[in-house]
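Chemist: Residue numbers for the sequence shown follow the UniProt record's numbering, so the first one is 1 and each next one is one higher.
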Amino acid sequence: MVVLCRPHNPTGAVEPIVEVQRFLRRVPDDTVVLLDEAYIEFVAAQHRIPGPALVRRFPNVVVVRTFSKAYGLAGLRIGYGFGSSELARALWTMQLPFGMPVTAAVAVAASYDAEDQLRQRVLRITGERDYLCRRLRALGVYATDGHANFVYLPPAGTPWREVLEGAGVRARYYATGGVRITVGNRASSRAVLAAVGKSAVR
1 MVVLCRPHNP
11 TGAVEPIVEV
21 QRFLRRVPDD
31 TVVLLDEAYI
41 EFVAAQHRIP
51 GPALVRRFPN
61 VVVVRTFSKA
71 YGLAGLRIGY
81 GFGSSELARA
91 LWTMQLPFGM
101 PVTAAVAVAA
111 SYDAEDQLRQ
121 RVLRITGERD
131 YLCRRLRALG
141 VYATDGHANF
151 VYLPPAGTPW
161 REVLEGAGVR
171 ARYYATGGVR
181 ITVGNRASSR
191 AVLAAVGKSA
201 VR
């Protein structure tokens, strides 16, 4: 099995659609490709791969998504996938019994009834993400062009853990030295920018 994470976690990058298709054409037919689209709701329409058309063209591809990110149902651990009928049948035989409680099903149904709120939430988060990226770059800090609900700062010789934790900012730190900052509200962004700004003038 090959796993392709799009958007990538933790960088938030998305490979161009033509590159993904070129890659899939080179994968042997008997190798399953799992396309992880956990953050797909935050990706602009022009960068999305039409899932149903993709699995028709490549029967060895299964697309998986989750309600944990944009829908805010992380505690319920709900996800879904789609692929060719042959691949779906094979995967169905491997699933655990009683995998989805009634409360989770009710939450999913309620989420589908709240599409307007989802759109508003995504617009707010992506707008704040882009604001945070612009302001970080204005401070001379490189941030990747992310397409998810976070901003990634690659290793750059700056002790990000010391800089951010010292200011009370919680983030996800990596052994390589990079840091992933989940987007919050404007106050959260200002806290990040203030911490980074102070480190830049040391």
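Note that beta-carbon positions come from the ideal geometry of N, C-alpha and C, so glycine has one too.
Bear in mind the structure is a predicted one, so any value in this text is a computation, not a measurement.
Any contact between the stretch 6-17 and the stretch 138-145? By contact I mean 3 or more CB pairs, one from each, below 8 angstroms.
Modeler: Yes, they touch.
Chemist: Under 6 angstroms Cβ to Cβ from Ala-171, same chain only, skipping five residues before and after it: list those, please.
Modeler: If we look at Ala-171 and ignore the five residues flanking it on each side, its Cβ neighbours are Leu-164, Val-179, Ile-181.
Chemist: In whole angstroms, what is the alpha-carbon distance linking Arg-137 and Asp-130?
Modeler: Going from the Cα of Arg-137 to the Cα of Asp-130 covers about 11 angstroms.
Chemist: Compute the Euclidean distance between the alpha carbons of Trp-160 and Gly-177, then round it to the nearest angstrom.
Modeler: In a straight line, the C-alpha of Trp-160 is about 7 angstroms away from that of Gly-177.
Chemist: Since Arg-65 is in the beta strand (DSSP E), which residue starts that stretch and which ends it?
Modeler: Per DSSP, Arg-65 belongs to the beta strand (DSSP E) from 61-66.
Chemist: Per DSSP, Pro-79 is paired with what?
Modeler: Sequence inspection shows Gly at residue 79; the Pro mentioned does not correspond to that position. For Gly-79, which the question treats as bridged, DSSP gives the partners Thr-66.
Chemist: Whole angstroms is fine: what's the gap from Val-27's alpha carbon to Glu-86's?
Modeler: Going by the C-alpha atoms only, they are around 18 angstroms apart.
Chemist: Starting from Val-151 and walking both ways along the alpha helix (DSSP H), at which residues does that stretch end?
Modeler: Careful: Val-151 lies outside any alpha helix (DSSP H), inside the beta strand (DSSP E) at 150-153.
Chemist: Check this for me: beta carbons of Glu-128 and Arg-186, under 8 angstroms apart or not?
Modeler: Cβ atoms of Glu-128 and Arg-186: closer than 8 angstroms.
Chemist: Would Pro-155 be called buried (16 or more neighbouring beta carbons within 10 Å of its own) or exposed?
Modeler: Classification for Pro-155: exposed.
Chemist: With which residues is Tyr-173 paired in a DSSP beta bridge?
Modeler: DSSP, once it has assigned bridges, lists Val-179 as partnering Tyr-173.
Chemist: Where does Val-2 fall in DSSP's three states?
Modeler: In the structure shown, Val-2 sits in a strand (DSSP, three-state: E or B).
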